[in-house]
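Heads up, the sequence shown is in the working numbering, so the first residue is 2 and it goes up one at a time. Here's the structure we're looking at; comments come further down.
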Amino acid sequence: MERSVARYRSEVGLPGTNDQRSRSLEFWRCEIEELRRTITKTEAQLRHFIGEDIAPLGLKELKQLERQLKTGVERIRSKKKRVISEHIKLLKSEQRALQEENARLQKRLHELPDANVSSRIPEPNACNAFHQQRIFLEGSHQ
2 MERSVARYRS EVGLPGTNDQ RSRSLEFWRC EIEELRRTIT KTEAQLRHFI GEDIAPLGLK
62 ELKQLERQLK TGVERIRSKK KRVISEHIKL LKSEQRALQE ENARLQKRLH ELPDANVSSR
122 IPEPNACNAF HQQRIFLEGS HQ
């Protein structure tokens, strides 16, 4: 059956399967070449964006590149501001939570039945005074 179809195609002049394969192959060759050109062009643009290989560029291309870079910088700054703003909001929220916890703990401390408990918790200045007094006493014993 297959031979009959192939013979009919050749007699009538219809393209055979080999012609289809060659057309498909030619299509993919053209596609590959187009992709290579696109890659080369994109790589050149990337080099221009980082300031390399700009000597052959004319005034028009340099102005266009400058506009593109300005737009990119503006987008970066905008994103940076959003990220910083979100971070600040997060830090403020954490600060409020810590302040609330501190107030709650201080209230609990003052509500304890033993009044001497608060005197047992050294204040920062009390620690420094104790340390200085210890140094003084150690120095006078020598």
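Backbone N, C-alpha and C define an ideal beta-carbon position, used for all residues, glycine too. Predicted, not measured: the structure shown is a model, and the values here were computed from it.
Residue i in three-state terms, based on DSSP
i, result
"residue 113", "coil"
"residue 24", "helix"
"residue 92", "helix"
"residue 56", "coil"
"residue 51", "coil"
Rounded separation between residue i and residue j - CA only
i, j, result
"residue 60", "residue 66", "10 Å"
"residue 53", "residue 45", "9 Å"
"residue 34", "residue 51", "26 Å"
"residue 5", "residue 20", "18 Å"
"residue 90", "residue 77", "20 Å"
"residue 92", "residue 85", "10 Å"
"residue 12", "residue 24", "21 Å"
"residue 100", "residue 108", "12 Å"
"residue 72", "residue 26", "42 Å"
"residue 58", "residue 42", "14 Å"
"residue 104", "residue 81", "34 Å"
"residue 22", "residue 30", "12 Å"
"residue 70", "residue 79", "14 Å"
"residue 36", "residue 94", "51 Å"
Exercise for the section: Decide yes or no for the touch test of the region 66-76 against the region 35-50: beta carbon pairs closer than 8 Å, at least 3 of them. Expected result: Inter-segment contact for the region 66-76 and the region 35-50 is present: three or more beta-carbon pairs are separated by less than 8 Å.
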